[in-house]
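Structure first, commentary second.
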Amino acid sequence: MKEAYRDIFGYLPQEFGFYPGFCVQDYLEYVAALKGLTRTEAKERIRTLLERVSLAEVRNKKISRLSGGMKRRVGIAQALLNEPEVLVLDEPTSGLDPGERVKFRNLLSEFAHDRIVLISTHIVSDIEYIAACNAIMKGGKIIAVGKTEELIQMAAGKVWSASIDSRKLGEYEHRVSMVNVYNEENGNVKVRYLANTAVIPGSAGEEPRMEDLYLWLFPESADEDAGDLTIVRR
30 MKEAYRDIFG YLPQEFGFYP GFCVQDYLEY VAALKGLTRT EAKERIRTLL ERVSLAEVRN
90 KKISRLSGGM KRRVGIAQAL LNEPEVLVLD EPTSGLDPGE RVKFRNLLSE FAHDRIVLIS
150 THIVSDIEYI AACNAIMKGG KIIAVGKTEE LIQMAAGKVW SASIDSRKLG EYEHRVSMVN
210 VYNEENGNVK VRYLANTAVI PGSAGEEPRM EDLYLWLFPE SADEDAGDLT IVRR
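Under my numbering, residues 30 to 263 are what the sequence shown spells out, in order.
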């Protein structure tokens, strides 16, 4: 059974370990051996994957000298060595700069065409670009399945915005779930919040986004790092 699971799954943790002296090629050959690939299989798959993740030119460079985005791409290459049916990613874009995040999520979108991708993340805005059809899991159970735009509508009618005196902000912070607070030039603040009905006078309804859905489904994460959002891309 363990062998069967090893063949089906590919895994990229938030931080994956490697020996400091390993170059990209050595590391992937090492992981390929652990996954039971023959030297011939490993050589061909590594060559193909390095091309797909745009790392062929740095195959002989030490991983410790790579940028954060490049290390993530090495990580996804090792996860795909065994050609898994299911790819599991833990916080895949955490710590990346905006440019690297765009490159990495485009890469994930490409790989998601022919396999299931499970993503555990708190950077929910990336999901709108990576996934087309999703399942959302909470507490180990699937609570919703559908296209991205369909799931976002679960928060429809619950997203509001209003401009208020900054001195009154504290009055509402414990009554609604705040999504964003922006300072305005006139001394007021523009707030985006979640509630079943308009709570702040002068509120206007807003179109929901994935971030709104996340906070609606996981309200505890607004106060502490307790939310968990897993997206299954089919």
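Where is the CB? At the ideal position from N, CA and C, for every residue including glycine.
Owing to the predicted nature of the structure, the values given are computational and were not obtained by experimental measurement.
For residue 4, three-class secondary structure by DSSP = Because the chain in this structure spans residues 30 to 263, residue 4 falls outside the shown range and cannot be described.
Ordered along the chain, which non-local residues of its own chain (more than five positions away) have a Cβ less than 7 Å from that of residue 104?
-> So the qualifying residues of the chain are 41 and 45.
Note down, one range per segment and in chain order, each beta strand (DSSP E) of at least 3 residues found wholly within the stretch 143-195.
-> The qualifying runs are 145-150, 162-167, 170-176 and 188-194.
Compute the beta-carbon to beta-carbon distance between residue 110 and residue 57, rounded to the nearest angstrom, for a pair I have assumed lies under 8 Å.
-> Contact check for residue 110 and residue 57: beta-carbon distance about 7 Å, within the 8 Å limit, so the pair qualifies.
From the DSSP output, read off the bridge partner residues of residue 91.
-> 52, per the DSSP bridge assignment.
Just grab the DSSP bridge partners of residue 39 for me.
-> For residue 39, which the question treats as bridged, DSSP gives the partners 116.
Three-state class that DSSP yields for residue 242 in the structure shown = Helix at residue 242.
Do you know how far the Cα of residue 189 is from the Cα of residue 123?
-> A direct Cα-to-Cα measurement between residue 123 and residue 189 gives close to 28 Å.
Close-in-space but distant-in-sequence residues of the same chain around residue 39 (CB under 6 Å, 5 per side omitted) = In its chain, beyond the 5 residues on either side, 108, 109, 113 and 116 have a beta carbon closer than 6 Å to the beta carbon of residue 39.
Touch test, the stretch 154-170 against the stretch 190-204, Cβ-Cβ under 8 Å, three pairs minimum = With the rule of 3 Cβ pairs closer than 8 Å, the stretch 154-170 does not count as touching the stretch 190-204.
Once you ignore the five residues that flank residue 232 on each side, which residues in its own chain have a CB closer than 6 Å to its CB?
-> Excluding sequence neighbours, residue 232 sits near 189 and 191.
With contact counted as at least three CB pairs below 8 Å, one residue from each stretch, are the stretch 146-166 and the stretch 233-250 in contact?
-> The stretch 146-166 vs the stretch 233-250: in contact.
With DSSP as the reference, please indicate the residues paired to residue 64 in a beta bridge.
-> According to DSSP, residue 64 shares a beta bridge with no other residue.
Out of 94, 85 and 78, which has the shortest C-alpha to C-alpha gap to residue 49?
-> Ranking 94, 85 and 78 by Cα distance to residue 49 puts 94 first.
Taking residue 150 as the reference, which of 229, 214 and 239 has the closest Cα?
-> The shortest C-alpha to C-alpha distance from residue 150 to any of 229, 214 and 239 is the one to 239.
Are the beta-carbon atoms belonging to residue 209 and residue 218 less than 7 Å from one another?
-> No, they are not a contact pair.
Roughly how many angstroms lie between the CA atoms of residue 197 and residue 234, to the nearest whole one?
-> When rounded, the distance between both Cα atoms is 20 Å.
Classification of residue 34 by the beta-carbon crowding that lies within 10 angstroms, buried from 16 upward = Here residue 34 is exposed. Its C-beta has fewer than 16 other C-beta atoms within 10 Å.
Pull up the CB-CB distance for residue 138 and residue 159, whole angstroms please, since I reckon it's below 8 Å.
-> Yes, they are in contact, since the Cβ atoms of residue 138 and residue 159 sit about 5 Å apart, within 8 Å.
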